[in-house]
Amino acid sequence: MYCCSDFGVPSEILVAIYHPLYVIWRTVFVLRYYLVQVESEIKSDGGNGIT
């Protein structure tokens with residue numbers, strides 16, 4: 001996957017730079033998905049649980 005780069009930069013450096021960014025992006029994506037799920041559950045309850 002990380003064989004060579006077009007800029008003559010060692011691929012290890014590119015991995016060191018891009019891997020944390022990818023992990024952060026994926027974490028944010030998963031958190032946003034989870035928050036949307038929780039929000040839709042709260043909306044679907046609509047206060048019916050607290051009566």
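Per full-length UniProt numbering, residue 1 is the first one in the sequence shown, and the count goes up by one each step. Backbone N, C-alpha and C define an ideal beta-carbon position, used for all residues, glycine too. In this text the structure is predicted, and so the values were computed from the model without any measurement.
Quick check on residue i: does DSSP put it in helix, strand or coil?
i, result
"P10", "coil"
"E39", "helix"
Is residue i close to chain D? Criterion is C-beta to C-beta, closer than 8 Å.
i, result
"P10", "As a matter of chain content, chain D is missing from the structure shown, which is built from one protein chain."
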